[in-house]
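The sequence shown runs contiguously to residue 350 in numbering that gives the first Met the number 0. In this text, a Cβ means the ideal position worked out from N, Cα and C, and glycines have one as well. Keep in mind the model is a prediction, meaning the values are calculated, not measured.
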Amino acid sequence: MTATEVVTGRRGVGVAERLRILLPYAAALWCLGYGTLAVYWASGGAGFPLGVGDPRGGDMGSWLVAAEPGSAGLVIAFGCAAGLVAALRTRSPQTGRVPRRAAAVVLLVVAAPLLLVVPDVRVLQSMAYGLQGYVGLVDWPVVNQLLCAFGGALLAGTAASLLSGPRCPRCDRPHAEPGSAARWARIGRWATAVAVVAPLPYAVQRAVWVLGVPLGVDRQFIRDLLADMESKGLGPLVVYSLPLSAVAGALLTLGLSMRWGTVLPRWVPYLGGRRVPVALAVIPATVVAVAVTTAGMAPYQQIIPDGLPVTGSGAPALLWLPWGIALGLATLAYHRRRLETCSGSCSRSPR
0 MTATEVVTGR
10 RGVGVAERLR
20 ILLPYAAALW
30 CLGYGTLAVY
40 WASGGAGFPL
50 GVGDPRGGDM
60 GSWLVAAEPG
70 SAGLVIAFGC
80 AAGLVAALRT
90 RSPQTGRVPR
100 RAAAVVLLVV
110 AAPLLLVVPD
120 VRVLQSMAYG
130 LQGYVGLVDW
140 PVVNQLLCAF
150 GGALLAGTAA
160 SLLSGPRCPR
170 CDRPHAEPGS
180 AARWARIGRW
190 ATAVAVVAPL
200 PYAVQRAVWV
210 LGVPLGVDRQ
220 FIRDLLADME
230 SKGLGPLVVY
240 SLPLSAVAGA
250 LLTLGLSMRW
260 GTVLPRWVPY
270 LGGRRVPVAL
280 AVIPATVVAV
290 AVTTAGMAPY
300 QQIIPDGLPV
310 TGSGAPALLW
320 LPWGIALGLA
330 TLAYHRRRLE
340 TCSGSCSRSP
350 R
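#1: Check V262 in the structure and name its three-state DSSP category.
#2: Looking at the structure shown, is R274 part of a helix, part of a strand, or coil, going by DSSP?
#3: Can we say the segment 256–275 touches the segment 308–323, given the rule of at least three CB pairs closer than 8 Å?
#4: Is the distance from the Cβ of L199 to the Cβ of V207 below 8 Å?
#5: Contact check, A80 vs G34 under 8 Å by CB: the rounded distance?
#6: Quick one: what does DSSP say R335 is sitting in, helix, strand or coil?
#7: Identify whether S230 lies in helix, strand or coil by the three-state DSSP scheme.
#8: Using 8 Å for Cβ pairs, my map puts V117 next to L28. What's the rounded Cβ distance?
#9: Between the Cα of L145 and those of Q204, Q300, A192, P48, spot the shortest distance and give me the residue it belongs to.
#10: Please classify T89: does DSSP put it in a helix, a strand, or coil?
#11: Under a Cβ-count criterion, where at least 16 other Cβ atoms within 10 Å of its own Cβ denotes burial, should P349 be classed as buried or exposed?
#12: Using 10 angstroms around the beta-carbon of S125, count the other beta-carbons present and answer buried if the total reaches 16, otherwise exposed.
#13: Does S160 come out as helix, strand or coil in the three-state DSSP assignment?
#14: Answer yes or no: do L285 and R274 have a C-beta to C-beta separation smaller than 8 Å?
#15: Taking a contact to mean a Cβ-Cβ separation below 8 Å, would you say D53 touches S61 in this structure?
#16: In chain order, what residues of the same chain lie with their CB nearer than 7 Å to the CB of A25, ignoring the 5 residues before and after it?
#17: What are the uninterrupted segments assigned as alpha helix (DSSP H) that are 4 or more residues long and contained completely in the segment 48–89, given in chain order?
#18: Do W40 and G72 come within 8 Å of each other at the CB atom, strictly closer than that value?
#19: Run through DSSP, which three-state label would A351 get?
#20: Have a look at S160, W319, L136 and flag the residue whose alpha-carbon is nearest the alpha-carbon of R99.
#21: Are the CB atoms of A329 and G156 within a distance shorter than 8 Å?
#22: For T7, which residues of its own chain have a beta-carbon under 7 Å away from its beta-carbon, when the five flanking residues on both sides are left out?
#23: So for L224, helix, strand or coil by DSSP?
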């Protein structure tokens, strides 16, 4: 028997169920490891990647520019301890419905800052440049942001599994809700439309900048931008591909609400007609949604508290926050629409 079958006491455990069962243990392990690291920082250990340990944090719009290793380390350690207890509590057979929901709330409270506060615009920036083969901007604070986002995803995923509702005792799938698929399809279409349109102004602006057209900026800005690209060793092809990445992402987003995002078209070589694995669409879309949402909060952080004016170069970035939220909602709708549910006529034998 596999380790999962030992935990569940059942044979024939599917991949999706296997992941759902192992997710709380992965979240607990992350909390234990990162919590230990936080205690090390709080006790004077080196390598604190936030606040005083992040020299680029202020320029990149970090929310934690004032963080100190002593106080912040203790807060992080306490949050990781709470997440550890809540994640392990979900696997207790004595955990009732109300305690499970309370555990889910704790997990979401711990996950929220890991996903939305610790990361900043550098996550999206590093992803964009990384696709072009440039990783010169990735340092320890950026790696830490990615690590925290990963931990937040584990905790949020564990919470989502707790809030997914009752499951069929025969097939262990969630019970189908009348009209649920149609409702999520409708939500997904609207969210997808916003997620497709929102990044296009940024793509257009970047494209015309590359062509030397100072849309919303002056000529000196264009010269400085191209000089910065050249200093990074990015050739003309890479420079042109940056705005195209936003367009390609918008086109891929359409798959969250269109048929070809569920079943590959017949003309696709070798794979045509096959169903798209849910994880193949959900995982990348979720990663991008989190990165865009965190980056999208940076302009508002400067405009609202500091009262800084909206510049021509920064105006399209105001759409990043609605872009990230819409993409996250479209991804959730896609997942819920394709979620395998029990219709009540399950013919599987009890396990």
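With the given structure in hand:
#1: The residue you call residue 262 lines up with position 263 of the sequence shown. Assigned with DSSP and collapsed to three states, V262 falls in strand.
#2: For the purposes of this step, residue 274 is taken as residue 275 along the sequence shown, with counting starting at 1. Of the three classes helix, strand and coil, the one that applies to R274 here is strand, per DSSP.
#3: no
#4: Stepping through the sequence shown from its first residue, residue 199 is reached at position 200. Stepping through the sequence shown from its first residue, residue 207 is reached at position 208. Their beta carbons are not under 8 Å apart, which means L199 does not touch V207 by this criterion.
#5: Here residue 80 refers to the residue found at position 81 of the sequence shown. Here residue 34 refers to the residue found at position 35 of the sequence shown. 6 Å between Cβ atoms; contact.
#6: Mapped onto the sequence shown, residue 335 falls at position 336. Correct three-state label for R335: helix.
#7: As a working mapping, residue 230 is identified with position 231 in the sequence shown. Helix at S230.
#8: Mapped onto the sequence shown, residue 117 falls at position 118. Mapped onto the sequence shown, residue 28 falls at position 29. With 8 Å as the limit, V117 and L28 do not qualify as a contact, their Cβ atoms being about 19 Å apart.
#9: Within the sequence shown, the letter at position 146 stands for residue 145. Checked all of Q204, Q300, A192, P48; the closest Cα to L145 is P48.
#10: As a first step, residue 89 must be located in the sequence shown, where it is residue number 90. DSSP places T89 in coil when its eight states are reduced to three.
#11: Residue numbering aside, residue 349 sits at position 350 when the sequence shown is read from its first letter. Low local confidence applies: a pLDDT of 37 at P349 is under 50, so the model's placement there is unreliable, with the coordinate-based value given in what follows. It is exposed - the Cβ of P349 has fewer than 16 other Cβ atoms within 10 Å.
#12: In the sequence shown, the residue the question calls residue 125 occupies position 126. Looking at its Cβ environment, which holds 16 or more other Cβ atoms inside 10 Å, S125 is buried.
#13: If you number the sequence shown from 1, residue 160 lands on position 161. It is helical.
#14: Taking the first residue of the sequence shown as position 1, residue 285 is located at position 286. Taking the first residue of the sequence shown as position 1, residue 274 is located at position 275. The sequence shown places Thr at residue 285, not Leu. The answer is no: Cβ separation not under 8 Å.
#15: Residue numbering aside, residue 53 sits at position 54 when the sequence shown is read from its first letter. Residue numbering aside, residue 61 sits at position 62 when the sequence shown is read from its first letter. Contact flag set, yes.
#16: Counted from its first residue, the sequence shown places residue 25 at position 26. These residues qualify, in order along the chain: L153.
#17: 68–88
#18: Sequence index remark: in the sequence shown, residue 72 carries index 73 (1-based). Sequence index remark: in the sequence shown, residue 40 carries index 41 (1-based). Yes.
#19: In the structure as shown, the chain begins at 0 and stops at 350. Residue 351 is therefore absent and cannot be evaluated.
#20: Position 100 of the sequence shown, counted from the start, is the residue given in the question as residue 99. The residue with the shortest Cα to Cα distance from R99 is S160.
#21: On the sequence shown, position 157 is the one that residue 156 refers to. On the sequence shown, position 330 is the one that residue 329 refers to. Taking 8 Å as the Cβ cut-off, G156 and A329 do not qualify as a contacting pair.
#22: As a position in the sequence shown, residue 7 is number 8, starting the count at 1. For T7, the pLDDT reaches just 42, beneath the cut-off of 50, and the residue's location in the model is therefore unreliable, although a value from the coordinates is still provided. Closer than 7 Å at the Cβ level, and outside the excluded window around T7, lie I20.
#23: By one-based count along the sequence shown, residue 224 stands at place 225. Of the three classes helix, strand and coil, the one that applies to L224 here is helix, per DSSP.
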